Amino acid sequence: MFSETFFVDFNRVKFLFQKGSDALDLLDRLSTNSVLELSEKGIKTTIVTDEKAKIIDVLNVWKINNNKLLLESNIENINKLISWINKFTIEEDSLIQKQEDFFKISIIGNDLNKLYEFIPLLKNTKKGNFIEFTISSKRFLIGKHELFNGLESIDFICLDGILSRERLKKMIFNIDIPEKTQEDFELFRIKNLIPKSGSEITDSYNPLDLGLERFIDFSKGCYVGQEVVARLDTYKKVQNIMHMIKVDDIDSNMRGTKITSSSGGYAIAISKKKFV
Amino acid sequence: MSQIPINTIEITERAASKVRKFAENEGKKPFALKVAVKGGGCSGLTYDLEIVDTPAENEKIIKQHGVEIRIPKKSFIFLAGTILDFSDGLNGKGFLFSNPNAKKSCGCGTSFSV
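This is how it looks when you write it as structure tokens:
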């Protein structure tokens, strides 16, 4: 059972604005989840796949309004994602703009009373929604969302420059929520089987290999890679499985297994199902 | 499949008649059929048909069987040489595109890749 509460600085997260009257429709035609149904001030995770259903990126979509989306990507995949969206922007009114100075810090855990005292509006915000909030004259989007394994998080995205980063960290620290270092979070991530861009989230795998079914709407209709995803699911043809193992348990006879992350004696492995 | 010059697209009499009926139902007169390509769909590019009444800039205009067809120039790159037909009946598939540029089409036939 998960009990601790902490915050983490997601310093490899990168942001894009996607603007235009066709932005949402285009993204819906390129990704696995039904983002068209996203309400204003809503957040949804969706997966952009190629024709073979290999992952281009797993991204959180923050709908500012009907003509403006904030896309949460990461340092490993952002340029590929931009190229992919631009490749399919033909007649559409859709423009991508990289936002270099946005940053994201997330609080993970259940002990949030002090945070709610500080930002009361957040208490009644439902999961999958965000509010706009100003802290020390800096604009933030604060959302209740989830990590890629379903664990709930409260995400702060600052729209006013990286200089506010340390100030926000200090503010969270002052309400008795400690920071988890990158090394500690890596161990937490591995133990909780949270896939990461560049390690598990790569074009070597499809969303089903990584157990990301919750971000696939199997009834939404066409998107690039949809036929392959549907076929893999319907005919139970998913080849790989992602699992956590102890490093001590790794032996040279683990056929069809690739270690994608490791830390503190634990590892995430992606194995061929037939060998597991 | 019959071939048509690659600097145009063709609409069959059957498809044109269906388009005229749709325009009549929508109460649009005069009207044109906008044929475009959008990004996305199973194979990457999706056909998009729309009955329109106002012209837009940068469109290629073709008149055939009493229907004015307007194709945005960016879409025309993907559609040159296409024949638009209509398949009626219980097992009909609606509007059908025979597109010589399409290397691959998805199962339902509404999207393609080049």
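Residue numbers (our numbering), protein chains in the order written: chain A, 52 to 327; chain B, 55 to 168.
Note that CB positions come from ideal geometry on N, CA and C, so glycine has one too.
Predicted model only: the values in this text are computed from it and were never measured.
- If you keep only unbroken beta strand (DSSP E) runs of at least 3 residues inside the stretch 120–155 of chain B, you get 121–126, 137–141 and 148–152.
- Contact annotation: A/Phe58 and A/Ile223 have beta-carbon atoms nearer than 7 Å.
- Sorting A/Glu278, A/Gly71, A/Leu163 and A/Asn200 by C-alpha distance to the C-alpha of A/Glu251 places A/Asn200 at the top.
- Closer than 7 Å at the C-beta level to chain B, one finds these residues of the stretch 126–154 of chain A: Phe139, Thr140, Ile141, Glu142 and Glu143.
- Distance from the Cα of B/Leu103 is smallest, within the candidate group B/Ile65, B/Glu111 and B/Asn112, for B/Ile65.
- CA-CA distance, B/Gly98 to A/Val275, rounds to 5 Å.
- At a cut-off of 7 Å between beta carbons, B/Val91 contacts chain A.
- For the C-beta of B/Pro126, the chain A residues within less than 8 Å are, from N- to C-terminus, Glu142.
- Around the beta-carbon of B/Thr108, fewer than 16 other beta-carbon atoms lie within 10 Å, marking it exposed.
- Inside the stretch 143–197 of chain A, DSSP marks whole alpha helix (DSSP H) runs of 4 or more residues at positions 164–169, from first to last along the chain.
- Note on A/Arg218: under 16 other CB atoms within 10 angstroms of its CB, so exposed under the neighbour-count rule.
- Burial is judged here by how many other beta carbons sit within 10 angstroms of a residue's own beta carbon; B/Gly148 has fewer than 16 and is exposed.
- Put simply, the backbone Cα of B/Cys160 is about 10 Å away from that of B/Thr100.
- Between the C-alpha atoms of B/Lys82 and B/Val121 there is a straight-line separation of about 13 Å.
- Shown in chain order are the members of the stretch 132–166 of chain B whose Cβ falls below 9 Å from a Cβ of chain A: Phe132, Lys158, Cys160, Gly161, Cys162, Thr164 and Ser165.
- Shortest Cα-Cα distance from A/Lys138 to any of A/Gly315, A/Leu244, A/Ile292 and A/Asp101 involves A/Asp101.
- Taking a beta-carbon distance threshold of 7 Å, A/Val327 does not count as an interface residue toward chain B.
- Leaving aside the five residues that flank A/Val109 on each side, the residues in its chain whose CB is nearer than 6 Å to its CB run, in chain order, Ile98 and Ile252.
- Looking from the CA of A/Tyr317, the closest CA among A/Ile159, A/Ile241 and A/Ile156 belongs to A/Ile241.
- In the DSSP assignment, A/Trp113 is bridged to A/Ile94 and A/Leu121.
- Comparing C-alpha distances from A/Met295 to each of A/Arg282, A/Ser314, A/Gln277 and A/Val280 shows the shortest one belongs to A/Ser314.
- By the rule that beta-carbons nearer than 7 Å mark a contact, A/Arg80 touches chain B.
- When DSSP states are grouped into helix, strand and coil, B/Asn61 belongs to the coil group.
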